[in-house]
Amino acid sequence: MIHQVQNGDFTLRELEIIFLIQQGNTSQEIAEKLHISKFTIKKHRENIARKIGSHGKKEFRRFIRNFKA
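Read in order, the letters of the sequence shown are residues 51 to 119 in our numbering.
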C-alpha cells in the first residue's frame, strides 16, 4: 500500500530523480545527466520506495506515474 506523501517528504535530489524517471529515463541515463553513479541512483530509488511504502516495482511505477510535484 502506497503511503500519502508530500513533496516535503523528499529531498530535492529525490524529486529530481522522480521527474527524470517520469520522463522515461533509465537509471544509467539519470546517472549520466546528474554526473553521479548508477549505484547512487539505486540508493535514491530505494529511499523513495521506502518513503512511499512501496513493496514492489509495480507499486513504485504506479507512484512515479501519478506523482505531481
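By construction, the Cβ of each residue, glycine as well, lies at the ideal position given by its N, Cα and C atoms.
Contacts around Ile71, its chain only, beta-carbon distance under 6 Å, and the 5 residues preceding and following it disregarded
Ile114
Between the C-alpha atoms of Phe117 and Lys88, what's the straight-line distance to the nearest angstrom?
23 Å
With a CB to CB cut of under 8 Å and the five nearest residues on each side skipped, what residues in its chain are close to Asn75?
Lys83
8 Å CB neighbourhood of Phe110 in its chain, flanking five on each side removed:
Arg95, Ile98, Ala99, Ile102, Ser104
Tell me which same chain residues have a C-beta within less than 6 Å of the C-beta of Glu64, skipping the five on either side of it?
His94, Ile98
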